[in-house]
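Asks: My questions all concern the structure below.
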Amino acid sequence: MLSSSPVPFQPRSRDRCHTLVPRSTPITGHSKVHPRRSIRQQQLQQKYHKHGTEEFAMAPRVHFITGNANKLSEVKAILEPEIEVQSLSIDLEEVQGSVEEVTLSKCQRAADIVDGPVLVEDTALCFNALGGLPGVYIKCCLLRQVC
1 MLSSSPVPFQ PRSRDRCHTL VPRSTPITGH SKVHPRRSIR QQQLQQKYHK HGTEEFAMAP
61 RVHFITGNAN KLSEVKAILE PEIEVQSLSI DLEEVQGSVE EVTLSKCQRA ADIVDGPVLV
121 EDTALCFNAL GGLPGVYIKC CLLRQVC
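Quick note: the sequence shown, position 23, residue 23 per full-length UniProt numbering, numbers continuous.
Structure, rendered in structure tokens:
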């Protein structure tokens with residue numbers, strides 16, 4: 001006799017919030033557990049990916065401003081399928097200021113260019129022995145190889 005309850009599952013550290021749910025197969029009607037999808041992900045897949053129906057809802061879309069494929073894959077792993085992430089490589093001039101000021105400025109300029117919601121990421125490297133340098137100007141220092 002097959003049970004429709006989920007099998008016990010010990011989540012890995014990154015999957016702490018994910019639980020498994022049973023999924024019926026169309027042929028046998030028996031319950032299976034999809035090993036990699038959380039309840040929320042399965043609900044969203046059913047909501048957004050119904051084939052053969054006139055109802056087809058679109059997931060919200062955001063542009064991630066980066067040229068770095070590794071950063072893009074990390075953001076997609078976190079946000080998709082709830083939010084569709086599209087990559088756009090725009091070289092934005094950085095204003096002088098704190099990490100918050102630089103990031104806010106980049107976000108506003110990117111949103112104006114894209115004319116929609118965007119995500120930007122900025123990195124700072126601060127050494128106390130150098131008075132906090134290079135800080136948000138790490139890219140400039142790396143390109144010039146001198147601060």
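We put the beta carbon where it would ideally sit given N, CA and C, even for glycine. Please read these numbers as outputs of a predicted model, since none were measured by experiment.
What does a CB cutoff of less than 7 Å around S105 pick up in its chain, not counting 5 residues either side in sequence?
Replies: Excluding sequence neighbours, S105 sits near V95.
Asks: As a quick exercise: from C107, V114, L125, I83, pick the residue whose alpha carbon is nearest that of E93.
Replies: When each option's Cα is compared against that of E93, the closest is C107.
Asks: Quick check on the DSSP output: the beta strand (DSSP E) that includes M86 runs from which residue to which?
Replies: It is worth fixing the name first, because residue 86 is Gln in this sequence and not Met. Note, Q86: beta strand (DSSP E), 84-88.
Asks: With D115 and V102 assumed to form a contact (beta carbons below 8 Å), what rounded beta-carbon distance in angstroms separates them?
Replies: That pair is no contact at about 22 Å.
Asks: Any Cβ of chain D within less than 8 Å of the Cβ of P117?
Replies: Given the protein chain composition of this structure (a single chain), no chain D is represented.
Asks: Using only CA atoms, which one of I113, D112, S98, A110 lies nearest to residue 148?
Replies: Here the chain comprises residues numbered 1 to 147, so residue 148 is not present and cannot be evaluated.
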